[in-house]
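Written below as structure tokens is the structure these notes are about.
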Amino acid sequence: RAFDIEGLGEKQIMLFFERGWVKEPADIFTLEARNSNIRLEEEEGFGELSVRNLFNAIRARRQIALERFIYALGMRHVGETTARALARGYGSWEAFHDACLQVARADAETRAEMDNLDQIGDTVIDSIAAYFGEKDNCEIVERLTKQVRPLEAEKPASDSAVAGKTVVFTGALEKMTRDEAKAMAERLGAKVAGSVSQKTDYVVAGPGAGSKLGKAKDLGVAVLSEDEWFDLVRRGAA
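Every number in our numbering is 1005 more than the matching position in the sequence shown, counting from 1.
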């Protein structure tokens, strides 16, 4: 899921695993080179065209957003939101990887720096330390980085109308998915929260908004429709 490779779902991964073709993430990216022996096009459900399309889709993921790469490592307690926070905090794979190795060596200064990142706490840091403290995991990561290049994270805008603001999305959105809306808000320098509090600046409410909308009204938080949110972003002034 993290690599979002078209044509490569759970069913295909299970087949490749059962055949012994894929044992770790890096193996996905060497399938094409090994296909003269594998002959994937002869498997049920595959053909020459579908195999060619799959290999094209895999090649397209040899460069991947840093947050997706971090998420793909499968560390406990590091979901998509946490991976995004880590990517934003460190900016590059090299910086993040070095910090992970230092945390695994119980470096107090590096741990404190990681703890200061937004949405990162002891549970996540302990999980990172445990993961990179395992030699096998470090070797898996090294093999993966020989196949895939994590891109540097985009720096959030600092001059947008919502930079530094805390935003909550609730209800259905019609112009984009919830994940796309969150990603856009974060690129503009906003912090996206999952719940409404007195620290919330805006609640963007679509059809079907429930308790979050009610709480926003109780707290006097500004409530925007999806169109009003886009107007605010385009206008460039709060």
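We treat Cβ as the ideally placed atom computed from N, Cα and C, and that holds for glycine. On a predicted model such as this, the values are computed, not experimentally measured, just so you know.
Integer Cβ distance of residue i from residue j, believed to fall under 8 Å
{"i": "Gly1194", "j": "Pro1161", "result": "4 Å"}
{"i": "Gly1211", "j": "Glu1179", "result": "7 Å"}
{"i": "Thr1115", "j": "Ala1104", "result": "5 Å"}
{"i": "Tyr1076", "j": "Glu1085", "result": "6 Å"}
CB of residue i within 8 Å of CB of residue j, strictly
{"i": "Asp1153", "j": "Thr1087", "result": "A small fix is needed here, since residue 1153 is Val in this sequence, not Asp. Not a contact, by the Cβ cut-off of 8 Å."}
{"i": "Val1209", "j": "Val1172", "result": "yes"}
{"i": "Gln1203", "j": "Leu1237", "result": "no"}
{"i": "Thr1205", "j": "Ala1198", "result": "yes"}
{"i": "Glu1011", "j": "Ala1070", "result": "no"}
{"i": "Val1056", "j": "Glu1049", "result": "no"}
{"i": "Arg1066", "j": "Phe1008", "result": "yes"}
{"i": "Leu1059", "j": "Leu1020", "result": "no"}
Sequence-distant residues of its chain with Cβ nearer than 6 Å to residue i (five each side left out)
{"i": "Arg1093", "result": "Ala1158"}
{"i": "Ser1132", "result": "Met1080, Arg1081, His1082"}
{"i": "Glu1072", "result": "Ala1088, Arg1089, Ala1092"}
{"i": "Glu1053", "result": "Glu1046"}
{"i": "Ser1163", "result": "Gly1194"}
N-terminal and C-terminal residue of the alpha helix (DSSP H) that residue i is part of
{"i": "Phe1235", "result": "1231-1240"}
{"i": "Arg1064", "result": "1053-1064"}
{"i": "Ser1041", "result": "1036-1043"}
Contact set for residue i: own chain, Cβ-Cβ below 8 Å, skip 5 residues either direction
{"i": "Lys1187", "result": "Phe1174, Val1197"}
Element boundaries [beta strand (DSSP E), containing residue i]
{"i": "Val1153", "result": "No beta strand (DSSP E) holds Val1153; DSSP gives it neither H nor E."}
{"i": "Ile1125", "result": "Per DSSP, Ile1125 belongs to no beta strand (DSSP E) and is neither H nor E."}
{"i": "Ala1210", "result": "1207-1210"}
{"i": "Ile1069", "result": "1068-1070"}
{"i": "Thr1175", "result": "1171-1175"}
Same chain, Cβ closer than 7 Å to residue i, neighbours up to 5 away in sequence not counted
{"i": "Ala1242", "result": "Bear in mind that a pLDDT of 46 at Ala1242, under 50, signals an unreliable position, so the number given afterwards is only what the model happens to contain. If we look at Ala1242 and ignore the five residues flanking it on each side, its Cβ neighbours are Ala1166."}
{"i": "Leu1106", "result": "Phe1137"}
{"i": "Phe1051", "result": "Leu1045"}
Requested in this report: Count the CB pairs spanning the segment 1037-1049 and the segment 1111-1125 that are closer than 8 Å, and state whether there are at least three.
Outcome: no
Query raised in the report: So does the segment 1131-1148 actually touch the segment 1219-1237, counting three or more Cβ pairs closer than 8 Å?
Result: no
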